[in-house]
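Chains as they are written, first to last, in the working numbering: chain A, 50 to 254; chain B, 50 to 254; chain C, 50 to 254. Written out below as structure tokens is the structure these notes cover.
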């Protein structure tokens, strides 16, 4: 069950990576690289910091699911783009799930609740940051995509809090993921955005 | 004492990250991410290469100080920008300190003096490189910021030399850091720059 | 013998990094950083994922050879650029070699043939991706350089296949590297390119 949810999250993240490849007119290799990195990058960075071998290099499904997403986007990207609203909802679900699961894994390896929260957010948003950097864009995370990072922070903090209170396992993970998902969806619906510093001038560098 | 110096260095590096966020008109999340990565990125890369859990994920202060820097820049960035000359001097101090401390840690973990020097430079300049890449700019390190990398190289090499000669501990670290700081400040005052290859043509790719 | 081949591959990769520095009008520090990262980046990422200390930090030659390449390009880059066809052939040889060697090391550390193949490709192309990101360009890997990634994939897959069939050691490595080299050279000669998705629109983000 946990593995299946993981793979669904990976599949949706990989779709957004492959679609970015189409938008940037990359070839199928570029689409595949972006799909793999978007789907697996956050978890790989988390595991490097935890000093364990990345989970992505121990599961066949983790590597193959982004290949499938690439093939689908390559042949049917206009159709995939048409169901973008569905993808965004699934992406919000993946965001919630990965933040909760990432935080739980970090706690398991002995990190403090604060550090586990940071690593949970990293798991959830790291792949998207790598995708954007490789595609030559400033990560959307940095200038707000209707609070993309904030729901991940909520999910991770709730997970860390529940664990610290002695509540582990799937009920806690689910609760944290659902809260993050709900905030992200609400922020998207209402167009909530993180504030910008007053009087921020045009780039001068 | 060592911890306090570290935190001062982290605070100053974080200020430069958050200010970059303001210049690029990022929101508060982007400012915070840049602040954290500028302050902690170099040390995280060093620790990943040493194959130990990053120090940033074992200390609350390391994570919270950049948050404080972000808040300060968010509310008072015009004032912060006005004291930029002070920040640049503190940044030079952080550069010297991080190169010396990074080299010492690498030697402690058994690296050769040459490799420890490379890792010391990485510690000092790595966060700034990550900041610039995330902000969508070619790292200033690569086209010279009045010898930004060269003082780090000096500090790291001196630290490695002193350690090899049997001189360890804070006096050696301080000497190496002060030398790097002095070269950086002198280079800034006099506008020293690293040479460019003769006849370098316009980008053709 | 193996060490010498490695150093030749590192030298050629470093040349392409330093030349990119000249094209982007970077100073000698920028050229050196690009040379080091292009030559060593792929192997460092591979070793981080394998959770071992990077080989680049255990060999003096690995660090010093890119320095030599930087000096050569700094003083004689018009001559170096003139022999670019030779460099491209040597780069193809490095690509083949690094994919085979990277795959072999990953198998040694217990990865599955599929994951070892992924890591072999990473070893071969990782440094070039880091070079391009640092230089502010979308990695050429992503939009095809006459199948740059595909020969690396072929070499890695053949290496993994031969090892699984019980064929180890230099004959297998050589066979895999030569196949990758041959495909890359043929693709360059004939201008083969990876396909782009039909109807890929202009960037809309």
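All C-beta atoms in this analysis are idealised placements derived from N, C-alpha and C, irrespective of residue type, glycine included.
{"Asked": "Would residue 167 of chain B and residue 112 of chain C be called neighbours here (beta carbons separated by less than 8 angstroms)?", "Found": "yes"}
{"Asked": "So that I know if they touch, is there some Cβ in chain C lying closer than 8 angstroms to that of residue 128 of chain A?", "Found": "no"}
{"Asked": "Using a beta-carbon distance cut-off of less than 8 angstroms, what residues from the region 79-105 of chain A approach chain B?", "Found": "97, 98, 99, 100"}
{"Asked": "How would you list, in chain order, the residues of chain A whose beta-carbon sits under 8 angstroms from the beta-carbon of residue 242 of chain C?", "Found": "76"}
{"Asked": "Tell me, please, whether the region 64-72 of chain A touches the region 109-126 of chain C by the rule of three or more beta-carbon pairs shorter than 8 angstroms.", "Found": "no"}
{"Asked": "Expressed to the nearest angstrom, what Euclidean distance is found between the alpha-carbon atoms of residue 207 of chain A and residue 191 of chain B?", "Found": "41 angstroms"}
{"Asked": "Looking at the secondary structure, which residues open and close the alpha helix (DSSP H) in which residue 164 of chain C lies?", "Found": "162-183"}
{"Asked": "Give a yes or no on whether the minimum CB-CB distance between residue 249 of chain B and chain C is below 8 angstroms.", "Found": "yes"}
{"Asked": "Is the shortest distance between the beta-carbon of residue 61 of chain C and the beta-carbons of chain B less than 8 angstroms?", "Found": "no"}
{"Asked": "Return the Cβ separation of residue 232 of chain C and residue 196 of chain C in integer angstroms, given the expectation that the two are a contact with Cβ distance under 8 angstroms.", "Found": "7 angstroms"}
{"Asked": "Going by other Cβ atoms of all chains shown within 10 Å of its Cβ, with 16 needed for buried, is residue 238 of chain B buried or exposed?", "Found": "exposed"}
{"Asked": "Look up residue 76 of chain A in the DSSP assignment and give the residues it is bridged to.", "Found": "C/245"}
{"Asked": "Can you list, in chain order, the residues of the region 176-193 of chain B whose Cβ is nearer than 7 angstroms to any Cβ on chain A?", "Found": "182, 183, 184, 185, 186"}
{"Asked": "Could you please tell me which residues of the region 137-156 of chain C, in chain order, have their CB closer than 8 angstroms to any CB of chain B?", "Found": "none"}
{"Asked": "Buried or exposed for residue 247 of chain C, please, with buried defined as at least 16 other CB atoms from any protein chain shown within 10 angstroms of its CB.", "Found": "exposed"}
{"Asked": "For a quick check, are the C-beta atoms of residue 58 of chain B and residue 70 of chain B less than 8 angstroms apart?", "Found": "no"}
{"Asked": "Would residue 230 of chain A count as contacting chain C if we go by Cβ distances under 8 angstroms?", "Found": "no"}
{"Asked": "Rounded to whole angstroms, what is the Cα-Cα separation between residue 170 of chain B and residue 229 of chain A?", "Found": "39 angstroms"}
{"Asked": "Between residue 109 of chain B and chain A, is there a C-beta pair that is closer than 8 angstroms?", "Found": "yes"}
{"Asked": "Quick test of the definition: if touching needs 3 or more C-beta pairs under 8 angstroms, does the region 171-181 of chain A touch the region 82-98 of chain A?", "Found": "yes"}
{"Asked": "Can you tell me which of the three DSSP states residue 101 of chain B falls into?", "Found": "coil"}
{"Asked": "Measure from the C-beta of residue 116 of chain B to each C-beta in chain C and report whether the shortest distance is under 8 angstroms.", "Found": "no"}
{"Asked": "When DSSP labels each residue in this structure, what does residue 159 of chain A get in the three-state scheme?", "Found": "coil"}
{"Asked": "Taking only three categories from DSSP, how would you classify residue 108 of chain C?", "Found": "coil"}
{"Asked": "Are residue 201 of chain B and residue 144 of chain B closer than 8 angstroms when you measure CB to CB?", "Found": "yes"}
{"Asked": "Could one say the Cβ of residue 246 of chain B lies closer than 8 angstroms to chain C's Cβ atoms, at least one of them?", "Found": "yes"}
{"Asked": "Tell whether a beta-carbon distance below 8 angstroms holds between residue 7 of chain A and residue 212 of chain A.", "Found": "With chain A covering 50 to 254 only, the question about residue 7 of chain A has no answer from this structure."}
{"Asked": "Who are the neighbours of residue 163 of chain A on chain B, taking C-beta pairs under 9 angstroms?", "Found": "109, 112, 113"}
{"Asked": "Which bits of chain C does residue 227 of chain A rub up against, with CB to CB less than 7 angstroms?", "Found": "Result: empty, since nearest Cβ-Cβ is about 29 angstroms, beyond 7 angstroms."}
{"Asked": "Check the C-beta distance from residue 204 of chain C over to residue 148 of chain C and give it rounded, since I have them as a contact under 8 angstroms.", "Found": "4 angstroms"}
{"Asked": "Output the boundary residues of the alpha helix (DSSP H) element that contains residue 211 of chain B.", "Found": "198-213"}
{"Asked": "What in chain B is Cβ-close to residue 198 of chain A, meaning under 7 angstroms?", "Found": "78"}
{"Asked": "Does any residue of chain C bring its CB to less than 8 angstroms from the CB of residue 273 of chain A?", "Found": "Given that chain A is displayed from residue 50 to residue 254, the structure contains no residue 273 of chain A and the question cannot be resolved."}
{"Asked": "Using the rule of at least 16 other Cβ atoms within 10 Å of the residue's Cβ for burial, across every protein chain shown, is residue 53 of chain A buried or exposed?", "Found": "exposed"}
{"Asked": "Apart from the five residues just before and just after residue 209 of chain C, which ones in its own chain have a Cβ nearer than 8 angstroms to its Cβ?", "Found": "152, 156, 162, 163, 165, 166, 169"}
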